[in-house]
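From first to last, the protein sequence lines are chains A and B.
If you count the first sequence from 1, you need to add 19 to reach our numbering.
If you count the second sequence from 1, you need to add 258 to reach our numbering.
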Amino acid sequence: MTPEAATTTLPAPHADDDPTMLRCVDLRKAFGGVPVLKGVSLALEPGTITALAGENGAGKSTLMKIASGQYRPDAGRVLVRGQELPTGNARAAHRLGVAIVPQELASILDTTVYENIFIGREMRNRFGWLDRRGMIREAAELLSVFGVDIKPTARMASLPVGLRQIVEIVKATSAGARILLLDEPTSAIAEREVERLIGTMRTLRDRGVSLLFTTHKMEEIRSVADRVVVLRDGGLVVDAPLAELSDDDIVTAMIGRELEDLFPDRTEPSDDVVLRVTGLTVPPKNVPLSLDVKRGEIVGLAGLVGAGRTELIEAIFGTRQTVSGTIHLDGKPVKRGRPEASIAAGIALVPEDRKGAGAVLSMSILDNGTLPRLSKFTRAGWLRGASRSQQIGDAMASVRLRSRGLDQQMETLSGGNQQKVVLARWLTDSVEVLLLDEPTRGVDVGARSEIYRIITQLAASGMAVLMASSDMPEILSLAHRALVLRDGAIVGELSRAELDDPGVQDRIFRLASGLNDAAAAVPSASLSEPSAPKDATDD
Amino acid sequence: MTDTQIDDKQRQAEVAQAPAAGEDVRRFSARWFGDVAIRYAMVIVMVLVIAFFLYRSARFGTVDNLTTILVAAAPFALIALGQTLVILTGGIDLSVGSIIAASAVFGSLTAKAFPDQVWLALGTGIVVGFIAGAINGLVVSVIKVPPFIATLGMMTLASGFAYVAGNGAPITGLPASFNGIANTQIFGVTIPVILMIVGIIGLAIIMRRTAYGMRVYAIGGNPLAARIAGVKVGRVTFSVYAISGILAGISGVMLASRVTLGAPDLGVGYELDAIAAVVIGGASLLGGRGSIWGTALGLFLIQTLNNGLDILTVPSYWQKVIKGILIVAAVAVDVWATRRRSR
């Protein structure tokens, strides 16, 4: 457990004289004709932490994927310590010391921590056999440098996501990475794991590693970054030391003045309740949930990851089994746990995981549009011809789908257009209740504003909309009313007036995380010291 | 309220002008020829293979030889059709060869017991096939055993029953009426060949034009999305295994009738040729991609090769080598084409 031993594999502090570790010059990239990066340049100095901030779809992930060689830019260069990175070559990036820890970790869950750390460069003894004992010893030393108490022989799957992430970071840096790119490192981990992560990042910075991490959370930027780069809509809008920026500067840069443009005006909902959920009990949390949604009303569901928003939506739609409770639509009961019954009653679902659950990518737009309304588009089992194309074509036109025609394969559409199909395919028949789960995740800004407009128009036309979202501005600007979930229970309800309150983000955050006193609500206060051993024991 | 469409004439005009994602390939450019060549790679290979055999052998192109190819293809065709449905859902059915054996033996026993009611023998084959297929379907869709394992078990089990029923020996001395099933000609074509042709055309239309066909494609392409769209995934999954079993059952009786023997080793290894035909026809073993026409093409390519190489007296061992290369090459071209498209 001696730190001296660990430094032999970790990069030593300030080993290199070359001033700039990573330099991106005028990077440009477009997907399917939609520009995602519009000429972004930035430089990472050794021993610094740079926050790459911006809204969803600003181009943060694309920038990181180009810098780590996963994407080839349409134009621009990437220099690693003065050496040009052959673009689109992930192996070359790795060799030059650029490592990325992606949002979705690529850990091998069925193996142990030390096996994950040493995969691809296993230690061998003099007979050429695997030196397991040596690897375990080395892994323990590496982990101890970051003050995290992880057993090298623990199975990866048994660790919480936050610790897996730290193992991934240890793996990358022990393999010689000097430039570490962390894509949304805090998006999927618990609040107390964030502290540990930040401690790890500081340790690396003190050893001369350059870190770039994406985030859209102010408190994380404040607590750890030296420099802030803000992207908006594919362009660089701010690149300055943190000390020179106020919170307002950063937020304004991130959101820009397009916040008003992004969200359309709401219309007033009517008074009659369309969807009434009473005492719906969803495993595994088994808290009875009740809620109403009125005709023309958009109700937002806020909460942290794992709060039970998706589970609630799936339970209402019927793709998730429930223990008890009732669902009424226009006063008529709907069978629980039966998607086909919900569809017949007029409930539609746009799921969170578009590629995993929303669309059948191997089928055409026309067939995806047909699937949820098969009985409408068939006679005695036989598909109708012209009327089917006509109606689905109309539905797709109503959301301004950009496609080469209804025969185009789903998989060749952009994310935003796929989402439009997943939504519009319900519109060939009357929809009473529209359930949306993260409707704009992974959708570029242009398409996002269109999706917001569609949602608002659908509500105005009389649908009851229930929308789960992790995107705070989305809920604040679209919803007539918001419900906050924590641990599977509804812990708060905010009216439109309350949503307009300036301190509302803080209030939602406190409700969602269960922090009640003001002091605890400011995470930077508790983030200043990494205090890993205390935390590691309580998982 | 029912008016969920957002009417807007002006917007629809914009849609028409909106740039489409991705670019169109100019006609008759090198890229266009490349795309066409890849898309119809198997058709081109088929044409080349036929041209080669026609050039090398005078006998290959005769009507007699065409009949030989069709008769040989028929028992494979029925199980390849069932196999296509199963593979489209993302499953696999390894048991069809053994179901052929069981159906042949039980069908032959029935024929001997009731020589005057020959259709009873066919009925027995269908029932045997349905029972085996239904068990496959239930084990896969209800208990959620992986299809490979479930049908591997059925493959062994059905084969075991085939041997048990005949005490390990082939059923001989079949009545002439039974032998007539596969050898009766209607307009100069035998019944199995007619079944094959009707099966291919009928199923191709069903898969393209009915709700059922769309459901099969959807659950293979994305079972979760299909469920959210209200498709009863379990029922459809059950049905494809049941259909595959029934087709194998029919195939077993036809085969026994043609060879006038209810042998418990009939159909051994046929499942692999059926899977090969489906895969050569462009289907993905992951489900959601493939077509009946593709399977028919793959089937006739294999049968044409078998026949042509026999005529040219290529040793059967070398025939195996050529078939093996063909299977892998077909899938390699497909993978390559998919990657090219998504770039």
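Just so you know, even glycine gets a beta-carbon here, dropped at the ideal spot from N, CA and C.
Helix, strand or coil for residue i per DSSP?
i	result
Glu469 of chain A	helix
Gln438 of chain A	helix
Asn425 of chain B	coil
Gln427 of chain A	coil
Arg251 of chain A	strand
Thr342 of chain B	helix
Val418 of chain A	coil
Gly387 of chain B	helix
Ser287 of chain B	coil
Ala125 of chain A	coil
Gln89 of chain A	coil
Met482 of chain A	coil
Leu46 of chain A	strand
Pro333 of chain B	helix
Lys190 of chain A	helix
Gly298 of chain A	strand
Arg174 of chain A	strand
If we define contact as Cβ-Cβ less than 9 Å, is residue i a contact residue for chain A?
i	result
Arg269 of chain B	Bear in mind that a pLDDT of 38 at Arg269 of chain B, under 50, signals an unreliable position, so the model cannot answer this.
Ile350 of chain B	no
Ile459 of chain B	no
Tyr528 of chain B	no
Thr347 of chain B	no
Gly479 of chain B	yes
Arg467 of chain B	yes
Tyr470 of chain B	yes
Ala595 of chain B	no
Ala476 of chain B	yes
First and last residue of the beta strand (DSSP E) that includes residue i?
i	result
Gly337 of chain A	Neither: Gly337 of chain A is in no beta strand (DSSP E) and is coded neither H nor E.
Val99 of chain A	94-99
Glu565 of chain A	The question about residue 565 of chain A has no answer here: the residues shown for chain A are numbered 20 through 558.
Thr368 of chain B	Unbroken run through Thr368 of chain B is the alpha helix (DSSP H), 354-371; no beta strand (DSSP E).
If distances are taken between C-alpha atoms only, which option among the options comes closest to residue i?
i	options	result
Lys313 of chain A	A:Ser289, A:Gly377, A:Glu333	A:Ser289
Ser417 of chain B	B:Ile538, B:Ala359, B:Asn441	B:Ala359
Asn441 of chain B	B:Gln341, B:Asn394, B:Arg516, B:Leu432	B:Arg516
Gly533 of chain A	A:Asp258, A:Val503, A:Ala478	A:Val503
Asp448 of chain A	A:Ile473, A:Gln184, A:Ala364	A:Ala364
Val510 of chain A	A:Leu530, A:Ser80, A:Met142	A:Leu530
Gln438 of chain A	A:Ala399, A:Gly388, A:Thr397, A:Gln409	A:Gly388
Gly349 of chain B	B:Ile444, B:Val474, B:Phe436, B:Ile357	B:Val474
Ser229 of chain A	A:Ile473, A:Asp266, A:Arg140, A:Leu41	A:Leu41
Gly481 of chain A	A:Leu294, A:Val99, A:Phe50, A:Leu402	A:Leu294
Ala338 of chain B	B:Tyr575, B:Leu380, B:Val498, B:Trp594	B:Val498
Pro428 of chain B	B:Gln443, B:Leu519, B:Leu380, B:Val489	B:Leu519
Val589 of chain B	B:Leu544, B:Val572, B:Tyr575	B:Leu544
Arg466 of chain B	A:Thr234, A:Met382, A:Ile68	A:Met382
Ile486 of chain B	A:Gly319, A:Gly356, A:Asp225	A:Gly356
Kindly indicate if chain E contains any beta-carbon less than 9 Å away from that of residue i.
i	result
Lys402 of chain B	The chain labelled as chain E is not found among the protein chains of the depicted structure, namely A and B.
Counting only beta-carbon atoms, is residue i nearer than 9 Å to chain B?
i	result
Trp401 of chain A	yes
Leu390 of chain A	yes
Arg460 of chain A	no
Leu348 of chain A	no
Phe396 of chain A	yes
Thr233 of chain A	no
Arg183 of chain A	no
Phe137 of chain A	no
Asp386 of chain A	yes
Using 8 Å as the cut-off, classify the Cβ of residue i as near or not near the heavy atoms of the ligand ZN, replying yes or no.
i	result
Ala405 of chain A	The ligand ZN is absent from the structure shown, which contains no ligands of any kind.
Going by DSSP, what residue range makes up the alpha helix (DSSP H) through residue i?
i	result
Gly388 of chain A	384-389
Glu134 of chain A	132-137
Phe232 of chain A	It is not in any alpha helix (DSSP H) - Phe232 of chain A instead sits in the beta strand (DSSP E) that spans 229-234.
Ala112 of chain A	109-114
Interfacial residues, the region 351-362 of chain A to chain B, with Cβ spacing under 7 Å: Pro358, Glu359, Ile362
Where the region 365-383 of chain A meets chain B: residues whose CB sits under 7 Å from a CB there: Leu368, Pro370, Gly375, Ala376, Gly377, Ala378, Val379, Leu380, Ser381, Met382
Members of the region 481-501 of chain B that neighbour chain A once the beta carbon cut-off is set at 8 Å: Leu482, Ala483, Ala484, Arg485, Ile486, Ala487, Gly488, Val489, Lys490
The region 536-569 of chain B: positions lying closer than 7 Å to chain A by Cβ: Gly546, Arg547
Within 8 Å of chain A by C-beta, residues of the region 363-393 of chain B in sequence order: none
Near-chain B residues of the region 140-156 of chain A (beta-carbon distance less than 8 Å), N- to C-terminal order: none
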